[in-house]
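So the sequence shown is numbered by UniProt numbering: it starts at 1 and just counts up by one. Okay, structure first, notes after.
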Amino acid sequence: MIFHNQNQGSPAPEIFSPSLDSGGKLSTGLNTKERIDKVRSVVRRKELRRIKSLYLKNSAGADRDVCFKKRLKGNDSEPTKSEEFNQLQKKRPWRNDWDGGDFGSHGSISVIGRQREMEDAVAAEVGFLTKGCKRYDFFGVYDGHGGSRVAQACRHWLHKLVAKRVEEEGEEINWEEVMVAVFKEMDEEVNKNGAAVATMGSTATVAVVGEEAVVVANCGDSRAVLSRGGVAIPLSIDHKPGRADELKRIEDCGGNVINWNGQRVLGVLATSRSIGDYYLKPFVIPEPEVTVTNRTEMDEFMIIASDGLWDVISNDLACRIARKFLYGYLGPRNSSRATHGEEMNKESRAAKAAAALVKLVMARGSRDNISVIVVDLMRPEQYLVQTGKCFS
Numbered sequence: 001m002i003f004h005n006q007n008q009g010s011p012a013p014e015i016f017s018p019s020l021d022s023g024g025k026l027s028t029g030l031n032t033k034e035r036i037d038k039v040r041s042v043v044r045r046k047e048l049r050r051i052k053s054l055y056l057k058n059s060a061g062a063d064r065d066v067c068f069k070k071r072l073k074g075n076d077s078e079p080t081k082s083e084e085f086n087q088l089q090k091k092r093p094w095r096n097d098w099d100g101g102d103f104g105s106h107g108s109i110s111v112i113g114r115q116r117e118m119e120d121a122v123a124a125e126v127g128f129l130t131k132g133c134k135r136y137d138f139f140g141v142y143d144g145h146g147g148s149r150v151a152q153a154c155r156h157w158l159h160k161l162v163a164k165r166v167e168e169e170g171e172e173i174n175w176e177e178v179m180v181a182v183f184k185e186m187d188e189e190v191n192k193n194g195a196a197v198a199t200m201g202s203t204a205t206v207a208v209v210g211e212e213a214v215v216v217a218n219c220g221d222s223r224a225v226l227s228r229g230g231v232a233i234p235l236s237i238d239h240k241p242g243r244a245d246e247l248k249r250i251e252d253c254g255g256n257v258i259n260w261n262g263q264r265v266l267g268v269l270a271t272s273r274s275i276g277d278y279y280l281k282p283f284v285i286p287e288p289e290v291t292v293t294n295r296t297e298m299d300e301f302m303i304i305a306s307d308g309l310w311d312v313i314s315n316d317l318a319c320r321i322a323r324k325f326l327y328g329y330l331g332p333r334n335s336s337r338a339t340h341g342e343e344m345n346k347e348s349r350a351a352k353a354a355a356a357l358v359k360l361v362m363a364r365g366s367r368d369n370i371s372v373i374v375v376d377l378m379r380p381e382q383y384l385v386q387t388g389k390c391f392s
C-alpha cells in the first residue's frame, strides 16, 4: 500500500465536505475508518498516475532503431524514418508491440565489503555510441589496487575513448583493434601522472552490447559471464600470474611469479594484466583479450563482476541466482493484473539480482571490494515466454 507524506508536496485532496449535525457538532457523514480508506484510495490513484507518467516518459526515449533524416520546413523540423529503419523494422516486426528498446534493463552495485578503502568503480553508459542505425550500450567493472585513482579515471574516460575510436572506424568495426588501442591509450594517459600513480592500477572488464553481438574486453581478473539457455558461458578468462601462458610471458620478459599469499607478479600483484602499475612494467601489461559473441534468441543476461564475487562463487551459481530474480521467481510477487507501478518494478529486477549476488558473497566471507553489473539481454518475446505473460 502506498502512503503519502503530507508534509511534502501538495496536501491530499478533500474528499468530503464537513457540515454541522442537529446538535451543532461537526459531522462528515463518514466514520473514521471510512475517511482513512477514502484518503488512501485517492492518494494511491494519484501515485499510480505519477508512476505511469514516469514510466511512459522513460519509455518514450527508448526507441533504439530510429535513424532520423531531418527535413526542415521553415522553422519546423519534421523527423522522418530512414529507409534503413524500414528495412530493420521488417526484420523485427515484434517491435511494433514493444516500447522497451533492443536491450533489457541493467542494474549495478559496488560496495566496499570488508576492506578499509573503496577501490572499485563501475560504469553503465546506455546508448553511449550510435553508428549508422546501430546503437550500443557500454558496461565496465574496474577493480583498483594501490588506490582508487586509476579505477576512477577508467570509469570516467574509457567509454569515451571507445566511442571516439569507433567513430573513426569505417562501416565494419574491428573490435579487437579498437579495444587494444583504447586500453593502451588509457594506460598511457594514466601513467602521465608519474610517481603519483606509479604504484596504482586497475583491472578493466568492459562489455559493449549491440543488437547483433556482445563485445567483451578483459584486462585483469574481473570477469564477464553470459547466461545462454540456462548455461553459464564465460566471456573472459582471468589473467592470473599462475596461468600457464601468462607465467611464460612474464618469465620471457625477465620477471618471475612468487607464491606470496597466492601467485603474484614479483610477489606483489595478484593479476598479470592491468591498466597503470607503471613500476611493474613490462611484466604487467594493459593489453586486453577481446571476444565478440553473436547474440542469439537463447541469450538471457550477462554478469560482469570483480574478483570479490568470483573468488567466492562459481559462474553457474551466480547465473542461477540472477535468473531467479530477473524472471520473477524471487522477490516481490506481482498480481495477475499488473499496475504501472509493477511494470516499473520489472525495470529494477536486474538491480535486485546484482544486490542479491553481493549479499550472497558477503555471507560467504568475501573480504574484497565487490562490484557487480547485471545486464538483461532477453528480448520482449523471450521475456514473455520465460515469465508466462502476454501482451494485452
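Just so you know, even glycine gets a beta-carbon here, dropped at the ideal spot from N, CA and C.
Per the DSSP secondary-structure output, Gln-263 pairs in a beta bridge with Asn-259. Asp-316 and Pro-234 have their C-alpha atoms roughly 10 Å apart. Two segments are said to touch when three or more pairs of C-beta atoms, one from each, lie closer than 8 Å; by this definition the stretch 298-308 touches the stretch 136-150. DSSP places Gly-308 inside the alpha helix (DSSP H), whose first and last residues are 307-310. DSSP lists no beta-bridge partner residue for Cys-253. Pairing Lys-131 with Glu-167 gives a Cβ-Cβ distance under 9 Å. Within the stretch 194-257, the complete alpha helix (DSSP H) segments of 4 residues or longer fall at 244-252, listed in chain order. The C-beta of Asn-369 has 16 or more other C-beta atoms within 10 Å across all chains shown, which makes the residue buried. The residues Gly-113, Arg-114, Gly-308, Leu-309, Asp-311, Val-312, in chain order, have a CB closer than 8 Å to that of Ser-366 in the same chain once the five nearest residues on each side in sequence are set aside. Put simply, the backbone Cα of Ala-213 is about 12 Å away from that of Glu-297. Assigned with DSSP and collapsed to three states, Leu-129 falls in strand. Looking at the DSSP output, Met-302 bridges to Leu-226, Val-375. According to the DSSP secondary-structure assignment, Val-150 is paired through a beta bridge with no residue. Remark: fewer than three beta-carbon pairs, one from each stretch, lie closer than 8 Å, so the stretch 180-189 and the stretch 260-270 are not flagged as touching. According to DSSP, residue pairing for Leu-269 in a beta bridge involves Val-265. Annotation for Ala-355: Ile-109 place their beta carbon closer than 7 Å to its own, counting only its chain and skipping 5 residues before and after.
Where Val-180 is concerned, the enclosing alpha helix (DSSP H) starts and stops at 175-191.
Counting along the chain, Lys-352 sits inside the alpha helix (DSSP H) bounded by residues 349-363. Just so you know, the alpha carbons of Ala-195 and Arg-295 end up roughly 43 Å apart.
The shortest CA-to-CA distance from Thr-293 to any of Gly-254, Val-215, Leu-269, Gly-276 is the one to Val-215. For Ile-109, the enclosing beta strand (DSSP E) begins and ends at 106-111. By the criterion of a C-beta distance shorter than 8 Å, Arg-155 is surrounded in its chain by Ala-121, Val-122, Ala-123, Gly-140, Tyr-142, once the five residues flanking it on both sides are discounted. Closest in C-alpha terms to Asp-277, from the list Asp-376, Ser-371, Lys-184, Arg-243, comes Lys-184. One Cα belongs to Val-257, the other to Gly-328, and the distance between them is close to 46 Å. By the C-beta density criterion, Ser-314 is exposed, having fewer than 16 other C-beta atoms within 10 angstroms. Secondary-structure assignment with DSSP links His-145 through a beta bridge to Gly-201. Nearest Cα to Ala-163 within the set Lys-248, Gln-152, Met-179: Met-179.
Under the three-state reduction of DSSP output, Val-166 falls in the helix class.
Beta-bridge partners assigned by DSSP to Asn-294: Ala-213. With contacts defined as CB atoms closer than 9 Å, Asp-221 and Ala-151 fail to qualify as a contacting pair. Secondary structure of Ile-321 (DSSP, three-state): helix.
One thing to note: Gly-107 has its Cβ no nearer than 9 Å to the Cβ of Ser-371.
Of the other Cβ atoms in all chains shown, fewer than 16 fall within 10 Å of the Cβ of Pro-282; this residue is therefore exposed. Pairing Arg-323 with Glu-300 gives a Cβ-Cβ distance under 9 Å.
DSSP, reduced to helix, strand and coil, places Glu-289 within a strand of the structure shown. Taking C-beta atoms as the reference points, Val-197 and Arg-149 count as a pair closer than 9 Å.
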